[in-house]
Amino acid sequence: MSTGRHGVRQFRTGWADGPAYITQCPIQPGQSYIYNFTITGQRGTLLWHAHVTWLRATVHGAIVILPKRGVPYPFPTPDKEKIIVLGEWWKSDVEAMINQAMQAGLPPNISDAHTINGYTGPAPNCSSKGLTLHIETGKTYMLRIINAAVNDELFLKVAKHQLTIVEVDATYTKPFKTDTIFIAPGQTTNALLTADQDIGKYLIAISPFMDTVVAVDNLTGIGTLSYKGTQGFSPTTLAAIPPQNATNVTESFITSLRSLNSKQYPVNVPLTLDHSLYFTIGVGVNPCPTCVNGSRPVADINNVSFVMPTTALLQAHYYNISGVFTADFPGNPPNPFNYTGSPPANLQTMNGTKVYRLAYNSTVQVVFQGTTVIAPESHPTHLHGFNFYAVGRGVGNFDTKNDPNKFNLVDPVERNTISVPTGGWTAIRFRADNPGVWFLHCHLEVHTTWGLKMAFLVDNGEGPNESLLPPPTDLPKC
5 MSTGRHGVRQ
15 FRTGWADGPA
25 YITQCPIQPG
35 QSYIYNFTIT
45 GQRGTLLWHA
55 HVTWLRATVH
65 GAIVILPKRG
75 VPYPFPTPDK
85 EKIIVLGEWW
95 KSDVEAMINQ
105 AMQAGLPPNI
115 SDAHTINGYT
125 GPAPNCSSKG
135 LTLHIETGKT
145 YMLRIINAAV
155 NDELFLKVAK
165 HQLTIVEVDA
175 TYTKPFKTDT
185 IFIAPGQTTN
195 ALLTADQDIG
205 KYLIAISPFM
215 DTVVAVDNLT
225 GIGTLSYKGT
235 QGFSPTTLAA
245 IPPQNATNVT
255 ESFITSLRSL
265 NSKQYPVNVP
275 LTLDHSLYFT
285 IGVGVNPCPT
295 CVNGSRPVAD
305 INNVSFVMPT
315 TALLQAHYYN
325 ISGVFTADFP
335 GNPPNPFNYT
345 GSPPANLQTM
355 NGTKVYRLAY
365 NSTVQVVFQG
375 TTVIAPESHP
385 THLHGFNFYA
395 VGRGVGNFDT
405 KNDPNKFNLV
415 DPVERNTISV
425 PTGGWTAIRF
435 RADNPGVWFL
445 HCHLEVHTTW
455 GLKMAFLVDN
465 GEGPNESLLP
475 PPTDLPKC
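Positions in the sequence shown are counted from 1; adding 4 to them yields this note's numbering.
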């Protein structure tokens, strides 16, 4: 077992980051490990989850960081706060399922249900009525929404209620109203809901987003918003969920997100760059004589499908252990092609444990380019160790000459997980001010399992507080 604190800003203590074989080896049965870290300059909603195999399907929870005492929210203080954790549920053992799928060279089964705080909703022959949020007329509630699902990007709607978005990934945003929230695995969203409708019951619905020909759990997870004074026999007002392929809804939500960029909460997007990287991401197939169809799915970044080591990368880096990784991850695609057109017959995907090396405090731009190999698909991509600014996105192939002129360098949203659109691209910028080894991966666990991941190695700086701290004495042994 290992657990990660998704999105927590902790400096110089990568030993407490959590991903197995990246910053630590797993905690063995009967053993223990204390994650010791200091949260720096953050407040808001994040999550923690298991970070080894598929255990995060059920091993996950909320992290709520309150503002410092005496520091108000930059929006009207809500009367109450409620945590909403979205997830997926399988009837089978998820570890056995993915192991069988990998051996056969087939995609794993899709989930059997979507959940809200662990509930799928009312079910026949079951005493549980699912999740009910009790509210009072005239009061405002802050919903701390977390997508802890394994493989599904989700829509969330509350029947007849508008939601005001005020925060994503523990960073404040310019408030805007919407009736539909789009949230990818690993992302968090804080939304204000005012109880301004007639007394009664209103459906809370979550449903999947998938705008390509990939199988997805299409069942709707449901809960109930119930006003004080509602009679038990009252009917529930239903919500009209978006179509599964509602790309227009996702794009409208994503492009509405803006940082506050105020005096108290400034934007510090890098304006000059030390590294300008272009990462193609996608899914393909590799030969597999023992597999059912003679091939198996593979996922890659810049044609490199990441192979997990047996010694944690951070330990290998700190102790100078050779043979664990190489620092030659390509900053650009080694075999350029028309990424959103007809793919070549052979992408020559290679396997390797490669990292990209960054000097301390260097500035980095990464353009994530989706590809159409097998099928184009959205990829929610998560960077450990840093927040980043999402400065641009678009459809088709990234245009190195014209697209940067359209970047938002004034008030781009600050995140730790970003969706790369189907058949399109997303550009981010960040400053590498946190020494250590930091994981970058698709937060669709099926793609991570297939190899859609890599790591940045950030060297120590020269200042007194710019070096990776020594490992704790109880760090799990490999």
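Backbone N, C-alpha and C fix where the C-beta goes; we use that ideal spot for every residue, glycine too.
Host beta strand (DSSP E) of residue i (start-end)
i: T7; result: T7 to H10
i: E92; result: K84 to W93
i: N103; result: Premise fails: N103 lies in the alpha helix (DSSP H), V98 to A108, not in any beta strand (DSSP E).
i: W442; result: G440 to C446
i: H165; result: Note, H165: premise wrong, no beta strand (DSSP E); not H, not E.
i: S366; result: S366 to G374
i: V417; result: V417 to R419
i: T62; result: T62 -> no beta strand (DSSP E), and no H or E assigned at all.
i: V377; result: Note, V377: premise wrong, no beta strand (DSSP E); not H, not E.
i: S211; result: K205 to F213
i: V399; result: F392 to V399
i: M194; result: As written in the sequence, residue 194 is Asn, which differs from the Met given in the question. Where N194 is concerned, the enclosing beta strand (DSSP E) stretches over T192 to T198.
i: T151; result: Sequence check: residue 151 is Asn here, not Thr. Looking at the DSSP string, the run of the beta strand (DSSP E) that includes N151 is T144 to N151.
i: A436; result: G428 to A436
i: L135; result: L135 to I139
i: L472; result: Neither: L472 is in no beta strand (DSSP E) and is coded neither H nor E.
i: Y123; result: Per DSSP, Y123 belongs to no beta strand (DSSP E) and is neither H nor E.
Cβ distance (whole Å) where residue i is taken to contact residue j below 8 angstroms
i: I43; j: V12; result: 6 angstroms
i: V217; j: A459; result: With 8 angstroms as the limit, V217 and A459 do not qualify as a contact, their Cβ atoms being about 31 angstroms apart.
i: T1; j: P347; result: Summary: the structure shown does not reach residue 1, with the chain confined to residues 5 through 482, and so no result is reported for it.
i: I432; j: V462; result: 16 angstroms between Cβ atoms; not a contact.
i: P71; j: R47; result: 5 angstroms
i: V287; j: I114; result: The Cβ separation is near 16 angstroms, so there is no contact.
i: P480; j: Y37; result: 5 angstroms
i: L197; j: T182; result: About 11 angstroms; that fails the 8 angstroms criterion.
Neighbourhood of residue i by C-beta distance below 6 angstroms, restricted to the same chain and skipping five residues each side
i: G91; result: T119, A152 and A153
i: G65; result: W52
i: H451; result: A303
i: S503; result: Nothing can be reported for residue 503: it is not among the residues displayed for the chain, which extend from 5 to 482.
i: T136; result: T228 and S230
i: W454; result: P301, V302 and A303
i: Y269; result: Y176
Enclosing alpha helix (DSSP H) for residue i [first to last residue]
i: Y231; result: Counting along the chain, Y231 falls outside any alpha helix (DSSP H), though it belongs to the beta strand (DSSP E) covering G225 to Y231.
i: T452; result: E449 to W454
Chain-order list of residues whose beta-carbon lies under 8 angstroms from that of residue i (same chain, five-residue window excluded)
i: S471; result: R16, P439, N464 and G465
i: T177; result: I169, V170, E171, L261, R262, S263, L264 and V417
i: T385; result: I285, F372, T421, I422, S423, V424, T430, L444, H445, C446 and H447
Other residues of its chain near residue i: CB distance less than 7 angstroms, five sequence neighbours each side excluded
i: C295; result: A108 and G109
i: L207; result: A163, I226, T228, T240, T241, L242 and A243
i: A24; result: S6, P30, H55 and V56
i: T254; result: F186 and F213
i: S132; result: Y123
i: G34; result: none
heavy atom of the ligand COA below 7 angstroms from residue i C-beta
i: S263; result: Ligands are entirely absent from the displayed structure, and the ligand COA is therefore not among its contents.
(request) Specify whether the region 161-173 and the region 181-198 touch according to this definition: at least 3 beta carbon pairs, one from each stretch, less than 8 angstroms apart. (result) Note that the region 161-173 touches the region 181-198; at least 3 beta-carbon pairs, one per stretch, sit closer than 8 angstroms.
(request) Quick one: which unbroken alpha helix (DSSP H) runs of 4-plus residues sit fully inside the region 241-319? Chain order, please. (result) Look at the region 241-319 and you find these whole runs of alpha helix (DSSP H), each 4 residues long or longer: 251-260.
(message) For a minimum of 4 consecutive residues, which ranges assigned as the alpha helix (DSSP H) are wholly contained in the region 323-359?
(response) Unbroken alpha helix (DSSP H) runs of no fewer than 4 residues, entirely contained in the region 323-359, are not found.
(request) Give a yes or no on contact between the region 408-422 and the region 281-293, applying the rule of three or more CB pairs nearer than 8 angstroms. (result) No, they do not touch.
(request) Report yes or no: do three or more beta-carbon pairs, one from the region 393-400 and one from the region 428-444, lie closer than 8 angstroms? (result) Result yes; three or more Cβ-Cβ pairs closer than 8 angstroms.
(request) Return the chain-ordered ranges of every beta strand (DSSP E) run that is complete within the region 7-48 and spans a minimum of 3 residues. (result) Given a length threshold of 3 residues, each whole run of the beta strand (DSSP E) inside the region 7-48 is given here in chain order: 7-10.
(message) I'd like to know if the region 360-373 and the region 311-330 are in contact, where contact means that at least 3 CB-CB pairs between them fall below 8 angstroms.
(response) In this structure the region 360-373 does not lie against the region 311-330, because fewer than three pairs of beta carbons, one per stretch, are closer than 8 angstroms.
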